[in-house]
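Using the numbering used here, the letters of the sequence shown correspond one by one to residues 9 to 466.
We treat Cβ as the ideally placed atom computed from N, Cα and C, and that holds for glycine.
Nothing here was measured: the structure is a model prediction, and the numbers come from that model.
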Amino acid sequence: MRASTAEVIICGAGIAGIAAAYHLAVRRGVTNVVVVDERPPLSLTSDKSTECYRNWWPGPGDAMVALMNRSIDLLEELARESGNVFRLNRRGYLYATADRDRVAQLVRAARAAADLGAGPVRLHSEASSDYQPAPAEDFEGQPTGADVITEASLIRRQFPYLADEVVAVLHARRCGWFSGQQLGMYLLERAREKGVRLIEGRVDGIDTTGGRVRAVSVATREGGVTIGTPRFVNAAGPFLTPVARLLGVELPVFCERHVKIAFNDSAGAVPRHAPLLIWADPVRLPWSEEERRALHGSATHGHLLDEIPAGVHGRPEGAGESSSVLLLWNYDLTPVPPTFPIAYDPEYPEIVLRGMSRMIPSLAAYFTRLPRCFVDGGYYTKTRENRFLACPLPMEGAYVLGALSGYGLMASNGAADLLADYITERPLSPYAEAFHVDRYKDAVYRTQLTSWSESGQL
Ligand SMILES: Cc1cc2nc3c(=O)[nH]c(=O)nc-3n(C[C@H](O)[C@H](O)[C@H](O)COP(=O)(O)OP(=O)(O)OC[C@H]3O[C@@H](n4cnc5c(N)ncnc54)[C@H](O)[C@@H]3O)c2cc1C
């Protein structure tokens with residue numbers, strides 16, 4: 009049955025699809041945009057995020073920093089016009105190390121980010137230095153770039169909750185967090201005011217007769233409908249691959265499982281005003297002698313005696329009386345097929361708490377009696393070098409907006425803004441090529457990929 013027609017059909021009402029609908033309908037005046045999702049909006053990956061943002065990204069090239077600066081400009085505009093309904097803050101990302109050899113590395117990273125456009129580096133090596141702490145709420149009038157503090161008493165004064173062994177911290181400043189659900193709902197409401205329709209159903213076929221998009225079939229509760237359309241956007245998150253196959257297109261993406269815990273920090277280990285806290289050193293987990301002996305003989309958990317890669321991180325969550333804390337440490341990055349509900353190691357809460365205690369020793373209060381932890385997570389859908397896809401596909405009228413990995417909330421506005429420029433045939437930003445799937449056709453780029461070391465992933 010041919011039910012209706014649409015100018016653009018977007019498959020996926022995660023943050024990518026919703027941002028695409030908003031940028032088409034609200035910012036570019038495209039009419040008759042339809043979003044199709046088999047689940048409620050923002051309920052698959054987009055509500056599992058830590059909801060942080062940063063313009064702090066490595067090269068090569070300045071595309072990631074430029075795109076994120078654009079995306080954060082858009083977030084700030086949206087926050088201003090909405091009375092900050094999604095509570096955008098600017099607390100920053102705080103990387104800490106206890107390894108003197110890593111200090112020079114942090115300074116180099118700050119200088120490299122400054123060269124890419126993330127903002128200036130301020131070095132604080134004196135106790136009297138003019139380091140400006142970040143406010144807990146709001147985002148206006150804050151510095152960009154990064155502060156690197158190497159003076160011990162200044163670190164203790166500003167961050168008394170960090171381990172005494174910390175020798176340097178890097179505070180990246182155009183960073184913070186916000187409510188992803190509130191942002192998504194705000195974008196969706198604005199888009200609906202401009203006539204965007206949301207259809208509950210599963211995209212299960214695309215008519216590409218004659219080598220171009222002509223219609224999309226949707227399985228709904230009431231039965232199948234076919235909607236005629238000249239344009240289709242694949243924003244299917246972890247299901248980018250099967251949806252692209254409906255177009256006969258293969259995408260260079262894969263999924264990694266990422267899990268986080270939330271618990272009530274009744275011991276008050278993580279201050280409510282803290283920035284996002286990231287431990288920059290690999291960790292050997294603290295175990296008692298007895299625990300060590302037990303792990304030694306364990307086939308499944310023996311590896312927990314080994315050094316685990318850097319990157320355990322967390323932050324306080326919620327306003328007012330909330331005592332909730334989020335922690336993440338995803339060191340097993342084996343690609344997996346996306347299956348739901350998501351499986352995770354039952355020992356994960358203890359592992360991530362122990363890991364984070366290296367940075368915040370007061371968390372050790374929970375070793376003898378673990379707090380009740382709420383565990384959830386989803387998939388980072390990624391390309392090999394961790395740069396998303398926003399571009400036309402090799403099928404006329406088809407586009408992709410996805411592979412947003414672990415940064416889809418922060419990047420959604422910049423990425424959707426770019427995709428909307430393709431669809432409405434407007435001039436493209438200089439960074440467009442970096443997010444086009446055709447980049448892999450370039451032999452020089454493919455060579456660059458073989459030595460691509462920094463993905464910026466958290
Ligand atoms: C643990 C974790 C922490 C994270 N932390 C951050 C962070 O701090 N900051 C940040 O910016 N990002 C973070 N992210 C990443 C961010 O959550 C994702 O990049 C983002 O949510 C991806 O959005 P999406 O719209 O592409 O996918 P999704 O939210 O998964 O949406 C895809 C939608 O497509 C629908 N769909 C798929 N196939 C079909 C079909 N055939 N028919 C109809 N509908 C279909 C699905 O039902 C789904 O609703 C994190 C992710 C995880 C898992």
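{"Query": "What are the uninterrupted segments assigned as alpha helix (DSSP H) that are 4 or more residues long and contained completely in the segment 229 to 302, given in chain order?", "Result": "248 to 253"}
{"Query": "List the endpoints of the continuous beta strand (DSSP E) containing Asp215.", "Result": "Arg210 to Asp215"}
{"Query": "Should Cys183 and Ala270 be called a contact, given that it needs their Cβ atoms to be closer than 8 Å?", "Result": "no"}
{"Query": "How should Glu329 be labelled, buried or exposed, when 16 other C-beta atoms within 10 angstroms of its C-beta is the threshold for buried?", "Result": "exposed"}
{"Query": "Between the C-alpha atoms of Asn97 and Ala327, what's the straight-line distance to the nearest angstrom?", "Result": "12 Å"}
{"Query": "Provide the residue(s) that pair with Leu8 in DSSP beta bridges, ordered along the chain.", "Result": "Since the first residue of the chain shown is 9 and the last is 466, residue 8 is not available in this structure."}
{"Query": "Ignore the nearest five residues each way along the sequence and tell me which others in Glu462's own chain have a CB closer than 7 Å to its CB.", "Result": "Pro66"}
{"Query": "Using only the heavy atoms of ligand 1, determine whether one of them is closer than 7 Å to the beta carbon of Phe2.", "Result": "Here the chain covers residues 9 to 466 and nothing more, so residue 2 does not appear."}
{"Query": "DSSP on Gly179, reduced to helix/strand/coil?", "Result": "Note that residue 179 corresponds to His in the displayed sequence, not to Gly. Correct three-state label for His179: strand."}
{"Query": "Specify whether the segment 28 to 47 and the segment 258 to 273 touch according to this definition: at least 3 beta carbon pairs, one from each stretch, less than 8 Å apart.", "Result": "no"}
{"Query": "Could you tell me the alpha carbon to alpha carbon distance between Pro290 and Ile80, rounded to whole angstroms?", "Result": "30 Å"}
{"Query": "Look up Ser365 in the DSSP assignment and say whether it is helix, strand or coil.", "Result": "coil"}
{"Query": "Can you give the Cα-Cα distance for Gly127 and Val111, rounded to whole angstroms?", "Result": "19 Å"}
{"Query": "According to DSSP, what are the bridge partners of Gly322?", "Result": "Leu285 and Leu335"}
{"Query": "Does Phe443 come out as helix, strand or coil in the three-state DSSP assignment?", "Result": "helix"}
{"Query": "Less than 8 Å between the C-beta atoms of Arg292 and Glu315, yes or no?", "Result": "yes"}
{"Query": "Let me check you understand the geometry: is the CB of Arg210 closer than 7 Å to at least one non-hydrogen atom of ligand 1?", "Result": "yes"}
{"Query": "Could you give the C-beta distance for Leu75 and Ala419, rounded to a whole number, given that I count them as a contact under 8 Å?", "Result": "7 Å"}
{"Query": "If distances are taken between C-alpha atoms only, which option among Leu466, Ser225 and Arg164 comes closest to Gly322?", "Result": "Leu466"}
{"Query": "Looking only at C-alpha atoms, which of Gly149, Arg253, Gly125 and Glu159 sits nearest to Asp138?", "Result": "Glu159"}
{"Query": "Are the CB atoms of Val360 and Leu341 nearer to each other than 8 Å?", "Result": "no"}
{"Query": "So what does DSSP say about Asp45, is it helix, strand or coil?", "Result": "strand"}
{"Query": "Is the separation between the beta-carbon of Gly192 and that of Leu52 shorter than 8 Å?", "Result": "no"}
{"Query": "If we call anything under 8 Å between Cβ atoms a contact, is Ile23 one with Leu50?", "Result": "yes"}
{"Query": "Using DSSP bridges, identify the partner residues of Asp155.", "Result": "Arg130 and His179"}
{"Query": "Taking all protein chains shown into account, decide if Arg165 is buried (16 or more other Cβ within 10 angstroms of its Cβ) or exposed.", "Result": "exposed"}
{"Query": "With distances taken between CB atoms, is the gap from Arg362 to Phe375 smaller than 8 Å?", "Result": "yes"}
{"Query": "May I ask whether a heavy atom of ligand 1 can be found less than 7 Å away from the beta carbon of Gly180?", "Result": "The amino acid occupying residue 180 in the given sequence is Ala; Gly does not appear at that position. No - ligand 1 has no heavy atom lying nearer than 7 Å to the Cβ of Ala180."}
{"Query": "Starting from Arg35, follow the beta strand (DSSP E) in both directions and report where the run begins and ends.", "Result": "Unbroken run through Arg35 is the alpha helix (DSSP H), Ile23 to Arg36; no beta strand (DSSP E)."}
{"Query": "Inspect the beta-carbon positions of Arg108 and Val175 and report whether they are closer than 8 Å.", "Result": "yes"}
{"Query": "Closest to Gly310 by CA distance: which of Gly319, Glu299 and Leu254 is it?", "Result": "Glu299"}
{"Query": "For ligand 1, any of its heavy atoms closer than 7 Å to the Cβ of Thr53?", "Result": "yes"}
{"Query": "If you run the structure through DSSP and keep just helix, strand and coil, what is Leu206?", "Result": "strand"}
{"Query": "For the structure I just gave you, are there three or more beta carbon pairs, one from the segment 148 to 155 and one from the segment 213 to 232, closer than 8 Å?", "Result": "no"}
{"Query": "Excluding five sequence neighbours on each side, which residues of the same chain lie with their C-beta closer than 7 Å to the C-beta of Asn272?", "Result": "Ser331, Ser332 and Pro379"}
{"Query": "Quick check: what's the CA-CA separation for Glu404 versus Gly219?", "Result": "7 Å"}
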